[in-house]
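J.: Quick note: the sequence shown uses my numbering, first residue 36, plus one each step.
Built from N, CA and C at the ideal position, the CB exists for glycine as well.
Provided herewith is a single structure, encoded as structure tokens, for subsequent inquiry.
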Amino acid sequence: MNKDCLIQTVDLSRFYEDGRVQALEGVSLQVPAGEFLGVKGPSGSGKSTLLHLIGGLDRPSSGEVYFSGQKAGELYRRKGFRLNHLGFVFQSFYLWPVLNVLENVSLPLMESSLSRQKKLQKAKEIINLVGISDKINASVHNLSIGQRQRVAIARALIMDPQLVLADEPTGNLDSRNTENILALFKTLNKQKKVTIIMVTHEEKALEYCDRCIQISDGKLQ
Ligand SMILES: Nc1ncnc2c1ncn2[C@@H]1O[C@H](COP(=O)(O)OP(=O)(O)OP(=O)(O)O)[C@@H](O)[C@H]1O
Ligand SMILES: [Mg+2]
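Right, dumping it as structure tokens:
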């Protein structure tokens with residue numbers, strides 16, 4: 036096992052329906068801390084499955100995920116571990132439409148022991164970082180799609196995670212917003228040293244990622 040890797044998967048497999056569907060097969064992958072990794076592949080090839088297994092949203096049928104050299108399955112069971120170390124961004128943003136930007140971004144801080152003022156300060160910083168300070172009090176349902184994705188990214192970042200897992204974060208965006216979001220991820224990766232694993236169909240993403248891997252039929256190419 037490589038201790039310099041933030042994430043390592045060893046022979047990771049996920050089968051469904053008694054093994055008839057092999058969503059992921061024998062994937063061994065090393066992701067060094069600080070890397071911006073792209074994951075590409077055809078629809079149904081197992082990209083989301085891989086991301087879910089890495090983030091502990093799903094369990095492998097066999098194989099192992101390591102987080103900083105420790106078995107992820109054990110770490111993720113610790114209360115608050117994933118909340119404090121992982122950030123998720125999905126194609127559909129899962130925001131609360133009636134809450135405003137500040138409230139949505141602050142949600143993960145709910146159980147934090149920080150003072151009210153510190154929480155507010157943190158939320159404002161991150162909202163500023165993703166470039167929507169002018170919308171801080173706007174309800175999410177009044178925002179554009181690109182702005183909503185920025186809210187989702189800010190929320191994923193508010194706990195200062197070491198790892199951000201993004202599943203087609205630009206899938207619902209036009210080309211201009213896609214480039215904006217990719218550039219934003221790049222900035223976060225470089226400035227905040229966040230390790231990012233991003234599933235994407237975008238050819239452009241290659242220009243932003245440090246490395247891009249390809250999954251086909253559940254296997255790493
Ligand atoms: N809960 C499940 N039960 C049965 N089969 C599943 C389940 N989840 C995923 N699969 C199958 O596993 C395979 C991989 O799915 P996955 O969602 O990881 O693909 P993907 O690469 O993310 O595709 P897309 O680009 O369309 O999002 C597919 O054949 C899918 O049908
Ligand atoms: Mg998917």
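Take LEU118 and list the residues in its own chain whose beta-carbon comes closer than 7 Å to its own, dropping the five residues that flank it on each side.
T.: Result list for LEU118: PRO143, MET194, in chain order.
J.: Cβ-heavy atom distance between LYS82 and ligand 2 below 7 Å?
T.: It does: the Cβ of LYS82 is within 7 Å (strictly closer) of some heavy atom of ligand 2.
J.: Since THR44 is in the beta strand (DSSP E), which residue starts that stretch and which ends it?
T.: Where THR44 is concerned, the enclosing beta strand (DSSP E) stretches over 40-51.
J.: Using three-state DSSP, classify GLN152 as helix, strand or coil.
T.: Residue state, collapsed to three classes: helix.
J.: Relative to the alpha-carbon of ALA189, which residue among LEU121, LEU92, GLN256, GLU237 has its alpha-carbon at the smallest distance?
T.: Considering only alpha carbons, the answer is LEU121.
J.: Classify MET145 as buried or exposed, calling it buried when 16 or more other Cβ atoms lie within 10 Å of its own Cβ.
T.: With fewer than 16 Cβ atoms within 10 Å of its Cβ, MET145 is classed as exposed.
J.: Taking only three categories from DSSP, how would you classify SER97?
T.: In the structure shown, SER97 sits in a strand (DSSP, three-state: E or B).
J.: Give me the residue from GLU237, ALA218, GLY79 with the minimum Cα distance to GLN226.
T.: Nearest of GLU237, ALA218, GLY79 to GLN226, Cα basis: ALA218.
J.: Please classify ARG211 as buried or exposed, where buried requires at least 16 neighbouring CB atoms within 10 angstroms.
T.: ARG211 is exposed by the Cβ-count criterion.
J.: Between PHE71, ILE42, ILE180, which lies nearest to CYS244 when the distance is taken from Cα to Cα?
T.: CYS244 has its Cα closest to that of PHE71, out of PHE71, ILE42, ILE180.
J.: Following a CB-centred definition, is VAL74 positioned closer than 7 Å to any heavy atom of ligand 2?
T.: Answer for VAL74: no, Cβ out of range of ligand 2.
J.: Considering only residues of the same chain and omitting the five flanking positions on each side of ALA58, which have a CB-CB separation below 8 Å?
T.: Closer than 8 Å at Cβ, skipping near neighbours: ARG49, PHE50, TYR51, GLY81, THR84, GLY253.
J.: Considering ARG246, what are the terminal residues of the beta strand (DSSP E) in which it resides?
T.: 246-251 is the extent of the beta strand (DSSP E) around ARG246.
J.: What's the gap between the Cα of GLY73 and the Cα of VAL199?
T.: If I take the Cα positions, the gap works out to 12 Å.
J.: Does the beta-carbon of PRO132 have 16 or more other beta-carbons within 10 angstroms, so that it is buried, or is it exposed?
T.: Flag for PRO132 reads exposed.
J.: Would you identify the three-state DSSP class for GLU146, choosing helix, strand or coil?
T.: GLU146: coil per DSSP, three-state reduction.
J.: So, helix, strand or coil for ALA8, using DSSP?
T.: In the structure as shown, the chain starts at 36 and stops at 256, and residue 8 therefore has no counterpart that could be examined.
J.: Is any non-hydrogen atom of ligand 1 found closer than 7 Å to the C-beta of ALA201, if you look at the structure I gave you?
T.: No, Cβ of ALA201 sits at least 7 Å from all heavy atoms of ligand 1.
J.: Sort out for me which residues DSSP pairs LYS254 with in a bridge.
T.: Looking at the DSSP assignment, LYS254 forms a beta bridge with SER251.
J.: Express the C-alpha separation of LEU47 and THR222 in angstroms, rounding to a whole number.
T.: Each residue's Cα considered, the two are about 30 Å apart.
J.: Residues in the same chain with beta-carbon distance under 7 Å from GLU60, minus the five sequence neighbours each way, listed in chain order, please.
T.: Once the five neighbours on either side are set aside, the close Cβ partners of GLU60 are SER48, GLY253, LYS254.
J.: State the Cα-Cα distance for the pair LEU88 and ASP169, rounded to the nearest angstrom.
T.: Their Cα atoms are separated by approximately 37 Å.
J.: Which runs of the beta strand (DSSP E) spanning at least 3 residues fall entirely within the segment 77-123, listed in chain order?
T.: Qualifying beta strand (DSSP E) stretches, in chain order: 97-102.
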